[in-house]
Structure formats: structure tokens, C-alpha cells
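Peer 1: Before I ask anything, here is the structure I am working with.
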Amino acid sequence: MSNKNVARTVISPTCNPNPNPSSEEELMRRCNWITSTSDKVYVQFHDECWGVPVYDDQFRHPRNVPLRTPKAETISKDLLKKGFRFVGPVIVYSFMQAAGMTIDHLVDCIRHKDCVNLAERPWRHV
């Protein structure tokens, strides 16, 4: 079986469905930092950035690591609409790397396994 067909979600292991879902929107799995009183912008950010599957993000060669991604381009366009400046897709993708939203270490890098393990820890956000 090829790894290209296997999706790995970015949702935190601490995401729990609401205990008493009253609507279809509440059935979605969300992290514990999203509450019923959360601003809609935060909920939208969670649903669009954290709840999206990642396909085969393991890079074997430096030339395979992207400078920008469709997600970075979308975030960049949204930030530009909101009045931010100097937030092109490359800068946004660099921020995503620095913030740990994406793991771009090569699979043979000594830090790759550590970064993946840190990303999968349920208490990583604390």
C-alpha cells in the first residue's frame, strides 16, 4: 500500500466531540481551546487549518520541500484582505514551519522522528 493514499489528520489527539451535540456543526471534532463561547474567527481557523488531512508530507530530498502550499496561499490572501502587509505565501509558509503547523524535516533527518512525536503528544499545546 502506498503512503500517498493514507491521510494523516492534523487534529490534536485532545480534540473531543462535544458531549451533547445539538447540531451538525457541533458534531465536528474540535480541540479543547474551541468552546461554545469562542469567536467565530477562531472556530473557522480551527476548521480550515487544524482539521484538514495532510497527505504524504514526508520529504526525502530538499528539492521536494515546497516554498509555498495552497494552504499558505489561502491564508496569505485572507491576511491581505484583512489589511496585513508583507504576508506572501512564502512568508506564511515559513511561519507555518516555525510554528510547527507543518513538519518539513527530511525523513532521514535526526530531528524528523522527534518532531513527529512532539506533534502527536496530546499535551503539546500546554
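Going by the UniProt record's numbering, the residue at position 49 of the sequence shown is 49; the numbering climbs one at a time, nothing skipped.
Note that CB positions come from ideal geometry on N, CA and C, so glycine has one too.
These figures come from a predicted structure and were not determined experimentally.
Anyone know if the C-beta pair for L80 and V87 falls short of 8 Å?
Peer 2: yes
Peer 1: Quick check: the region 63–71 against the region 31–44, are at least 3 beta-carbon pairs closer than 8 Å?
Peer 2: Under the Cβ criterion (8 Å, minimum of three pairs), the region 31–44 does not count as touching the region 63–71.
Peer 1: Buried or exposed: which applies to V107, given that a residue is buried once 16 or more other Cβ atoms fall within 10 Å of its Cβ?
Peer 2: exposed
Peer 1: What would DSSP say about L80, mapped onto helix, strand or coil?
Peer 2: helix
Peer 1: Compute the distance between the beta-carbons of Y93 and A119, then report whether it is under 8 Å.
Peer 2: no
Peer 1: From which residue to which residue does the alpha helix (DSSP H) around E120 run?
Peer 2: H112 to E120
Peer 1: Using a Cβ-Cβ cut-off of 7 Å (strictly less than) and excluding sequence neighbours within five positions of G100, which residues of its own chain qualify?
Peer 2: Annotation for G100: A119 place their beta carbon closer than 7 Å to its own, counting only its chain and skipping 5 residues before and after.
Peer 1: Taking the beta carbon of S36 as the centre, do at least 16 other beta carbons fall within 10 Å, making it buried, or is it exposed?
Peer 2: exposed
Peer 1: Give me, in chain order, the residues of the same chain whose beta-carbon lies closer than 7 Å to that of H105; leave out the 5 immediate sequence neighbours on both sides.
Peer 2: R111, H112 and C115
Peer 1: In three-state DSSP terms, what is F86?
Peer 2: The answer is coil: DSSP assigns F86 none of H, G, I, E or B.
Peer 1: What's the gap between the Cα of N117 and the Cα of F95?
Peer 2: 20 Å
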